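Student:
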Amino acid sequence: MSEAKSTPRAGGFQFKVRGPRDFYGGLALMAVAILAIVASGDLPGQSGFAFGPGTAPRMFAVLLAISGGIIAVTGLFMDGPEIEPFAIKGPSYVLVAILAFAFLIRGLDLRIVKIPFTIPSFGLVISTFAAFLISIMGSSEMKWVESLIAAVAMTAFCVGLFVYLLGLPFQLWPAF
Amino acid sequence: MTDLLANLALGFSVAANPYNIGFCLLGALVGTLVGVLPGIGTVATVAMLLPITFGLPPVGALIMLAGIYYGAQYGGSTTSILVNIPGEATSVVTCLDGHQMARNGRAGAALSISAIGSFFAGCVSTVLVAALGAPLTGLALLFGPAEYFSLMVLGLIFAVVLAKGSVVKAIAMILLGLLLSMVGSDLETGAGRMTFDIPELSDGIGFANVAMGLFGFAEIIRNLEMSAESREIVNAKISGLMPTRQDLIDSSGAIARGTILGSILGILPGGGAVVASFAAYTFEKRISKTPHMFGRGIIQGVAAPEAANNAAAQTSFIPLLTLGIPPNAVMALMVGAMTIHGIVPGPQVMVKQPELFWGMIASMWLGNLMLVIINLPLVGLWVTLLRVPYRLLFPSIIVFCCIGIYSINNAPTDVVIAAAFGLIGYWLVKHDFEPAPLVLAFVLGPLMEENLRRAMLIARGDPTVFATRPISAGLLLVAFLLLALAMLPMIRKRRDEVFVESEN
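First to last, the sequence lines map onto chains X and A. Using my numbering, the letters of the first sequence map in sequence onto residues 1 to 176. Using my numbering, the letters of the second sequence map in sequence onto residues 1001 to 1504.
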């Protein structure tokens, strides 16, 4: 029995992915391709000589699925570098900052499972200021005083440039 | 020849209008300002600054955008030389010798030679664009839908061959770009495609959102991972901006050769400017009597790639202005800008709006002149800007990008879409996929599908039409050969070496 334990078993569920970057990258692309095929499934295809709206999407989606498959298979059998770890903190703050800007500037009126979810429209000044402060929190070297000063300066600069100099029709202040 | 002179005269009369000179100057200035920021490449710069041209008259807007483009490129070179962080692929090579020169205390000479080289290349390629514009527009008349489709296939294959890393991965990126471009209403039937019943997607995904997400946000997220120590700025005071007579003699040959190589490679669709700078550097190293000096701060190693990438940047306007096909991502943004101003890029621009066409060409030269005039005295200012810590820079860039995207349609959804593409871009980089081919395919997608459908309809559903029409067959053959070559193990090895060299 001890013999069976010491020899590593090849195949089975022990199979090691040798190039994880390629393997998972390829799989993800295949998933996107399948999603595209499903999503364009209800579109009419070729009729007579003419392409339908669904022909080209399905054509390219099938090709993408094939190339994704090739990439995944390559990743399975060829040695490749490990996937670098994804940072969580920086990207999250950046994402939240961008979303905060998007939702604050014009407000939001959503209905998630019949529960109304409303953000009033805050206008350019507040959304710019908020986005700046939130994203700066994603940096590990953040200092409060400096950040506040920079946020005020940047907000003033953006308002000056976009609203006064370029005359873009932005709402500046909150409208409740 | 007299035609050419008359046309150029018309162009200069447009470009020399004080307003247009002002726009050009302003464009070059803000282009450099943003381009200097580390980690922000030309595409992101142009995408970010696109909205500030919306309020201008069409000619002024395009002139300003062209100015922004050159400024961004020049700004990228400055960052390469002083900080050793290339803003984008085209200035990667400039880092090699440029930064070494800066460390040897010759930053001033490197910066001025790069400006002079770019200016010379700009002069030559402006004349080239003017001279080739008319004949190539004639060529466009020979092109039917089948030829257009094949030409775009060739362009995309170029992008594949020039992309770094695996060929299959680049092809997958192209296909993904094509698929993404098809989201939204079908052009002919109006049927919603792959919209998942989200009303905001029925107009399709805006190009600026994709570009800003993949090149702007994704780049910022990635830069956040780097620690502050990896960014090293040359602290020595920059003195002796003027190159010595010996510098000029040493670099004149390199500048001329770089210009020629760059002009030729820039016309090719699929991102010629990147290859141009690599090719010029490699060529210069090969013919040099002192090849071992390359990478240690030799002036030819700065002059040749800088001249080449500027020449290529200029000649890449040729396919756009004559055939209406954007050869790279920046030109794709130009198409976006032209469309917003109601101009359909292509052969008709030259006939219907000669003042726009020639005005833009003349402004190219003017833009290059501006760069020399404003940048050399302002180097000190750019250096100060580089000293601003990244922790304050990146939130500013994010805010600026947000406002920029929002202002295009006053649509918060666009900002959300760009954020999504930022995450996608981050994921792509982690899995060694290059975003550039995706973006190019995304732009060419609608054009390609339209021409494919039209060609098939005209040929009554016979796919052999692409092989039986001579021009189309020729283009496809070249595309096929290129792809086959890129797949060959021997060439692949050489290709990888070029990219490896650029990374060391």
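Using N, Cα and C, we set each Cβ at its ideal position, and we do this for glycine too. No experiment lies behind these values; they were computed from the predicted model shown.
(1) A:W1382: buried (16+ other C-beta within 10 angstroms of its C-beta) or exposed?
(2) Classify A:Q1564: buried if its beta carbon has 16 or more other beta carbons within 10 angstroms, exposed otherwise.
(3) Just the C-alpha distance for A:F1215 and X:G123, rounded to the nearest angstrom, thanks.
(4) Looking only at its own chain, which residues have a Cβ that is under 8 Å from the Cβ of X:R21, when we skip the five neighbours before and after it?
(5) So with CB distances below 8 Å, who are the chain A contacts of X:L29?
(6) Which residues of chain A have a Cβ atom closer than 8 Å to the Cβ of X:P53, listed in chain order?
(7) Which residue wins for smallest C-alpha separation from A:F1394, given the options X:V152, X:F132, X:L172?
(8) Check A:V1500 in the structure and name its three-state DSSP category.
(9) To the nearest angstrom, how far is the alpha carbon of X:M59 from that of X:F51?
(10) According to DSSP, what are the bridge partners of A:G1184?
(11) Could you tell me how far apart the beta carbons of A:L1485 and A:V1153 are, in whole angstroms, since I believe they sit closer than 8 Å?
(12) Using 8 Å as the cut-off, can you tell me whether the region 1250-1267 of chain A makes contact with the region 1449-1459 of chain A, which would need three or more C-beta pairs spanning the two stretches below that distance?
(13) Can you find a CB in chain A that lies within less than 8 Å of the CB of X:V94?
(14) Considering only residues of the same chain and omitting the five flanking positions on each side of A:Q1300, which have a CB-CB separation below 7 Å?
(15) Apart from the five residues just before and just after A:E1229, which ones in its own chain have a Cβ nearer than 6 Å to its Cβ?
(16) Mind reading off the beta-carbon distance from A:L1371 to A:Y1070? Whole number of angstroms is fine, and I expect it under 8 Å.
(17) Kindly say whether A:V1036, judged by its beta-carbon, lies nearer than 8 Å to any beta-carbon of chain X.
(18) Please tell me whether A:E1449 has its Cβ less than 8 Å away from any Cβ of chain X.
(19) Residues of chain C with CB under 7 Å from A:R1391, in chain order?
(20) Taking DSSP as the reference, what is the three-state secondary structure of A:T1290?
(21) Pull the bridge partners of X:S191 from the DSSP assignment, please.
(22) What residues in its chain sit with their C-beta under 6 Å from that of A:F1012, if we drop five residues either side in the sequence?
(23) State buried or exposed for A:S1181, treating a residue as buried only when at least 16 other CB atoms are found within 10 Å of its CB.
(24) Could you check the C-alpha separation between A:V1209 and A:M1293 for me, to the nearest Å?
(25) Considering Cα atoms alone, identify which of X:G167, X:A151, X:T128 is closest to X:A102.
(26) Buried or exposed: A:G1166, going by 16 or more other Cβ atoms within 10 Å of its Cβ?
(27) Go ahead and label A:F1278 buried or exposed: buried means 16 or more other beta carbons lie within 10 angstroms of its beta carbon, across all protein chains shown.
(28) Any residues in the region 1149-1167 of chain A with a beta carbon nearer than 7 Å to a beta carbon of chain X? Which ones, in chain order?
(29) Using a C-beta cutoff of 8 Å, does X:M154 count as contacting chain A?
(30) Exposed or buried, X:W173, counting other C-beta atoms within 10 Å across all chains shown (16 or more means buried)?
(31) Among A:G1367, A:G1425, A:I1220, A:K1430, which has the Cα closest to the Cα of A:Y1390?
(32) Between A:G962 and the rest of its own chain, which residues show a CB-CB distance below 6 Å, the 5 nearest in sequence each way excluded?
(33) Kindly indicate which three-state DSSP category X:L108 falls into: helix, strand or coil?
(34) Where A:P1470 and X:T155 are concerned, what is the direct C-alpha to C-alpha distance, given to the nearest angstrom?
(35) Helix, strand or coil for A:M1040, going by three-state DSSP, please let me know.
(36) Let me check understanding here. Comparing Cα to Cα, which of A:L1392, A:F1317, A:L1481, A:L1447 lies closest to X:A151?
Tutor: In terms of the structure at hand:
(1) As a first step, residue 1382 of chain A must be located in the second sequence, where it is residue number 382. Buried.
(2) Outside the modelled stretch of chain A, which goes from 1001 to 1504, sits residue 1564 of chain A, for which no answer is possible.
(3) Locating residue 1215 of chain A in the second sequence gives position 215, counting from the first residue. Locating residue 123 of chain X in the first sequence gives position 123, counting from the first residue. The alpha-carbon atoms of A:F1215 and X:G123 are separated by roughly 27 Å.
(4) As a working mapping, residue 21 of chain X is identified with position 21 in the first sequence. The residues are G75, G80, P81, E82, I83.
(5) Residue numbering aside, residue 29 of chain X sits at position 29 when the first sequence is read from its first letter. Neighbours of X:L29 in chain A, taken as residues whose beta carbon is under 8 Å from its own, are A1172, L1176 in chain order.
(6) By one-based count along the first sequence, residue 53 of chain X stands at place 53. The contacting residues are D1186, E1188, T1189, A1191, R1193.
(7) For the purposes of this step, residue 1394 of chain A is taken as residue 394 along the second sequence, with counting starting at 1. The shortest C-alpha separation from A:F1394 is found at X:F132.
(8) Residue 1500 of chain A sits at position 500 when you count from the first residue of the second sequence. Unreliable placement is indicated for A:V1500, whose pLDDT of 49 sits below 50; the coordinate value is still reported in the next sentence. A:V1500 falls in the helix class under three-state DSSP.
(9) Locating residue 59 of chain X in the first sequence gives position 59, counting from the first residue. Locating residue 51 of chain X in the first sequence gives position 51, counting from the first residue. Roughly 11 Å between the two C-alpha positions.
(10) For the purposes of this step, residue 1184 of chain A is taken as residue 184 along the second sequence, with counting starting at 1. Paired residues: A:R1193.
(11) Counted from its first residue, the second sequence places residue 1485 of chain A at position 485. Counted from its first residue, the second sequence places residue 1153 of chain A at position 153. Actually they are not in contact, since the Cβ atoms of A:L1485 and A:V1153 sit about 16 Å apart, beyond 8 Å.
(12) With the cut-off at 8 Å, the region 1250-1267 of chain A and the region 1449-1459 of chain A do not touch.
(13) Counting from 1 along the first sequence, the entry for residue 94 of chain X is found at position 94. Chain A contact via Cβ: present.
(14) Reading the second sequence from its first residue, position 300 is the one you call residue 1300 of chain A. Same-chain partners within the cutoff: D1250, S1251, A1254, E1284, S1288.
(15) Residue numbering aside, residue 1229 of chain A sits at position 229 when the second sequence is read from its first letter. The predicted model places A:E1229 with a pLDDT of 47, which falls under 50 and marks its position as unreliable; any figure quoted below should be read in that light. Nothing listed; no residue qualifies.
(16) To locate residue 1371 of chain A, count along the second sequence from 1; it is residue 371. To locate residue 1070 of chain A, count along the second sequence from 1; it is residue 70. A:L1371 to A:Y1070, Cβ: 6 Å. Contact.
(17) Taking the first residue of the second sequence as position 1, residue 1036 of chain A is located at position 36. No, because no Cβ of chain X sits closer than 8 Å to the Cβ of A:V1036.
(18) Residue numbering aside, residue 1449 of chain A sits at position 449 when the second sequence is read from its first letter. Cβ-Cβ to chain X under 8 Å: yes for A:E1449.
(19) Included in the structure are the protein chains X and A, with no chain C among them.
(20) As a first step, residue 1290 of chain A must be located in the second sequence, where it is residue number 290. In the structure shown, A:T1290 sits in coil (DSSP, three-state: anything other than H, G, I, E or B).
(21) The structure shown does not extend to residue 191 of chain X, since chain X is modelled only from 1 to 176, so the question has no answer here.
(22) As a first step, residue 1012 of chain A must be located in the second sequence, where it is residue number 12. Result list for A:F1012: A1362, in chain order.
(23) What you label residue 1181 of chain A is simply residue 181 of the second sequence in a count that begins at 1. Residue environment analysis places A:S1181 among the buried positions, since at least 16 neighbouring C-beta atoms fall within 10 angstroms of its C-beta.
(24) Residue 1209 of chain A sits at position 209 when you count from the first residue of the second sequence. Residue 1293 of chain A sits at position 293 when you count from the first residue of the second sequence. Note on residue identity: the sequence assigns Asn, not Val, to residue 1209 of chain A. Between A:N1209 and A:M1293, the C-alpha separation is close to 43 Å.
(25) Stepping through the first sequence from its first residue, residue 102 of chain X is reached at position 102. Of the listed residues, the one whose Cα sits closest to X:A102 is X:T128.
(26) Position 166 of the second sequence holds residue 1166 of chain A. It should be noted that the sequence gives Ser, not Gly, for residue 1166 of chain A. A:S1166 is buried by the Cβ-count criterion.
(27) In the second sequence, the residue the question calls residue 1278 of chain A occupies position 278. With 16 or more other Cβ atoms within 10 Å, it is buried.
(28) none
(29) As a working mapping, residue 154 of chain X is identified with position 154 in the first sequence. Yes - at least one Cβ of chain A is within 8 Å of the one on X:M154.
(30) For the purposes of this step, residue 173 of chain X is taken as residue 173 along the first sequence, with counting starting at 1. Result: exposed.
(31) The residue you call residue 1390 of chain A lines up with position 390 of the second sequence. Considering only alpha carbons, the answer is A:I1220.
(32) The question about residue 962 of chain A has no answer here: the residues shown for chain A are numbered 1001 through 1504.
(33) As a first step, residue 108 of chain X is located in the first sequence; it is residue number 108 there, counting from the start. Under the three-state reduction of DSSP output, X:L108 falls in the strand class.
(34) As a first step, residue 1470 of chain A is located in the second sequence; it is residue number 470 there, counting from the start. As a first step, residue 155 of chain X is located in the first sequence; it is residue number 155 there, counting from the start. One C-alpha to the other measures close to 58 Å.
(35) In the second sequence, residue 1040 of chain A corresponds to position 40, counting from 1. The sequence shown places Ile at residue 1040 of chain A, not Met. Reduced to three states, the DSSP call for A:I1040 is coil.
(36) Residue 151 of chain X sits at position 151 when you count from the first residue of the first sequence. For X:A151, the nearest C-alpha among the options comes from A:L1392.
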